[in-house]
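What follows is a single structure, written as C-alpha cells, with notes after it.
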Amino acid sequence: MASPASSAAQHKQDSHLATDPVKLLVQQSYDKIADTYLEWTLSTPSPRLAYLQTLLSHLSSPSTSHILELGCGAGVPGTRFLSKSCGRVFGVDISLAQIERARKNVGSANADFVRSDMMALDFPDGRFDAVVGLYSILHMKKEEQVVLMERVCRWLKLGGVFVGNFALTGKEDTGPWLEGEKMFWGGWEEKDWLRNVEGAGFDVLQGDVVMDVEDGREVNFLWVVAKSRGGN
Numbered sequence: 001m002a003s004p005a006s007s008a009a010q011h012k013q014d015s016h017l018a019t020d021p022v023k024l025l026v027q028q029s030y031d032k033i034a035d036t037y038l039e040w041t042l043s044t045p046s047p048r049l050a051y052l053q054t055l056l057s058h059l060s061s062p063s064t065s066h067i068l069e070l071g072c073g074a075g076v077p078g079t080r081f082l083s084k085s086c087g088r089v090f091g092v093d094i095s096l097a098q099i100e101r102a103r104k105n106v107g108s109a110n111a112d113f114v115r116s117d118m119m120a121l122d123f124p125d126g127r128f129d130a131v132v133g134l135y136s137i138l139h140m141k142k143e144e145q146v147v148l149m150e151r152v153c154r155w156l157k158l159g160g161v162f163v164g165n166f167a168l169t170g171k172e173d174t175g176p177w178l179e180g181e182k183m184f185w186g187g188w189e190e191k192d193w194l195r196n197v198e199g200a201g202f203d204v205l206q207g208d209v210v211m212d213v214e215d216g217r218e219v220n221f222l223w224v225v226a227k228s229r230g231g232n
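Laid out in C-alpha cells, this is it:
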C-alpha cells in the first residue's frame, strides 16, 4: 500500500504532467525505452560509481545515512550500490517503467521508490544526509534546475552532501535519442552552473568536467560534489 506521502506526491506529479509538455515527453520516452536504456547504461562507460564512492567518503556514517536519488532509473548500478552501504535510499523517477524495474533490480528492504516529477517533491528541511542526481537534472528546464538545487539544499542536513552531473550545453533542446525517441535536455555553461550551485547554498568541493563517449560521440558533463551550508 502506498504511504500518504507517496500518494500525495503521485497526485501532484500527475497534475504537473498534465500541464507540462516537456515533463510528459521525458516521462513517455523513458517509459518506451526502459529496457534499451538499461542495456545502454550498463554498457556505456561512466564515472558514476567513482563519484558515488566519493559521496560515501564524505558521509560520517554511511550505514545510518538517508539518501535521496533524483532520477534513479532502473536502479542499477547506482541505487543498488547505495543500498548496500547506506541506511536508507529513496529513489525517485518520472517514469513508471523505470520505477518498476528499479524495485525489481534493487530488491532491498532499505530502498523505497516513488514515481514523481522532481519538481513535485516536498520534504522537510534537513531530511537527508545526501542527495544524488546523475544524468537526470539535465532533463529539466534550465530555470527549474536552479529552483530544484535550492530545494535540494534545504532538504539536506547542514553539511549534507550533493553529488550530481549537469549538461554543459548552455541551452534547452529537444531531439531524437535511443530508439529514435525524442528527449529533452537543458544545461548551463560551466561557470553558470558553479554559480547556480553556490547560490543555492552549497560549498563546491569538486567541479570536474568529464567527457563521456556516448554512441561514438564525445559529450562533456560537469560533475559536482558539494556540501550544504544552509538553504536560502
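In case it helps, the UniProt record's numbering puts the sequence shown at residues 1 to 232.
The beta-carbon is built from N, C-alpha and C at its ideal position, and this holds for glycine as well.
G78, buried or exposed, once every other Cβ within 10 Å from all chains shown has been counted against 16: For the purposes of this step, residue 78 is identified with residue 78 of the sequence shown, where counting begins at 1. That one is buried.
Identify which residue in R127, G201, P176, V146 has its Cα closest to the Cα of E189. Looking up residue 189 in the sequence shown gives position 189. Of R127, G201, P176, V146, the residue nearest in Cα terms is V146.
Where the beta strand (DSSP E) through G201 begins and ends: In the sequence shown, residue 201 corresponds to position 201, counting from 1. No beta strand (DSSP E) holds G201; DSSP gives it neither H nor E.
Once you ignore the five residues that flank L222 on each side, which residues in its own chain have a CB closer than 6 angstroms to its CB? Taking the sequence shown and counting its residues from 1, one reaches residue 222 at position 222. Around L222: F166, L168, E190, W193, V209.
Classify N220: buried if its beta carbon has 16 or more other beta carbons within 10 angstroms, exposed otherwise. The residue you call residue 220 lines up with position 220 of the sequence shown. Exposed, because fewer than 16 other Cβ atoms sit within 10 Å of the Cβ of N220.
For the beta strand (DSSP E) that F221 lies in, which residues bound it at each end? Numbered from 1 along the sequence shown, position 221 holds the residue referred to as residue 221. Per DSSP, F221 belongs to the beta strand (DSSP E) from 217 to 228.
Give the range of the alpha helix (DSSP H) segment to which M183 is assigned. Counted from its first residue, the sequence shown places residue 183 at position 183. Per DSSP, M183 belongs to no alpha helix (DSSP H); it is in the beta strand (DSSP E), 182 to 186.
Quick one: what's got a C-beta closer than 7 angstroms to L56's C-beta in the same chain, skipping five residues either side? By one-based count along the sequence shown, residue 56 stands at place 56. The residues are P62, S85.
Give every residue of the same chain whose Cβ lies closer than 6 angstroms to the Cβ of G107, excluding the five residues on either side of it in the sequence, and list them in chain order. Reading the sequence shown from its first residue, position 107 is the one you call residue 107. For G107, there are no CB contacts under 6 angstroms within the same chain when 5 residues up- and downstream are skipped.
6 angstroms Cβ shell around W155 - same chain, five flanking residues per side excluded: Position 155 of the sequence shown, counted from the start, is the residue given in the question as residue 155. Once the five neighbours on either side are set aside, the close Cβ partners of W155 are F123, R127, F128.
Pull up the distance between the alpha-carbon of M183 and that of L158, whole angstroms please. Here the question's residue 183 lines up with position 183 in the sequence shown. Here the question's residue 158 lines up with position 158 in the sequence shown. Across the structure, M183 and L158 are spaced so that their CA atoms are roughly 35 angstroms apart.
Taking the Cβ atom as the reference point for each residue, do R115 and I137 lie within a distance shorter than 8 angstroms? Indexing the sequence shown from 1 puts residue 115 at position 115. Indexing the sequence shown from 1 puts residue 137 at position 137. The answer is no: Cβ separation not under 8 angstroms.
Taking DSSP's pairing of strands, which residues face V148 in a bridge? Counting from 1 along the sequence shown, the entry for residue 148 is found at position 148. For clarity, residue 148 is Leu in the given sequence; the question names Val instead. DSSP, once it has assigned bridges, lists no residue as partnering L148.
First and last residue of the beta strand (DSSP E) that includes A74? By one-based count along the sequence shown, residue 74 stands at place 74. No beta strand (DSSP E) holds A74; DSSP gives it neither H nor E.
Can you name the residues that DSSP bridges to A167? Working through the sequence shown from its first residue, we reach residue 167 at position 167. Answer is F221.
Would you decide whether A109 is buried or exposed? Buried here means 16 or more other CB atoms lie within 10 Å of its CB. Locating residue 109 in the sequence shown gives position 109, where the first residue counts as 1. Its Cβ having fewer than 16 others within 10 Å, A109 is exposed.
Can you look up H139 in the DSSP assignment and give me helix, strand or coil? By 1-based counting over the sequence shown, the position of residue 139 is 139. Three-state result, H139: helix.
Backbone CA spacing between F162 and E181 [nearest angstrom]: Here residue 162 refers to the residue found at position 162 when the sequence shown is read from its first residue. Here residue 181 refers to the residue found at position 181 when the sequence shown is read from its first residue. Their backbone Cα atoms lie some 30 angstroms apart in a straight line.
Starting from T41 and walking both ways along the alpha helix (DSSP H), at which residues does that stretch end? In the sequence shown, residue 41 corresponds to position 41, counting from 1. Segment 34 to 43, the alpha helix (DSSP H) holding T41.
Between the C-alpha atoms of E218 and W40, what's the straight-line distance to the nearest angstrom? Counted from its first residue, the sequence shown places residue 218 at position 218. Counted from its first residue, the sequence shown places residue 40 at position 40. Those two C-alpha atoms are separated by around 16 angstroms.
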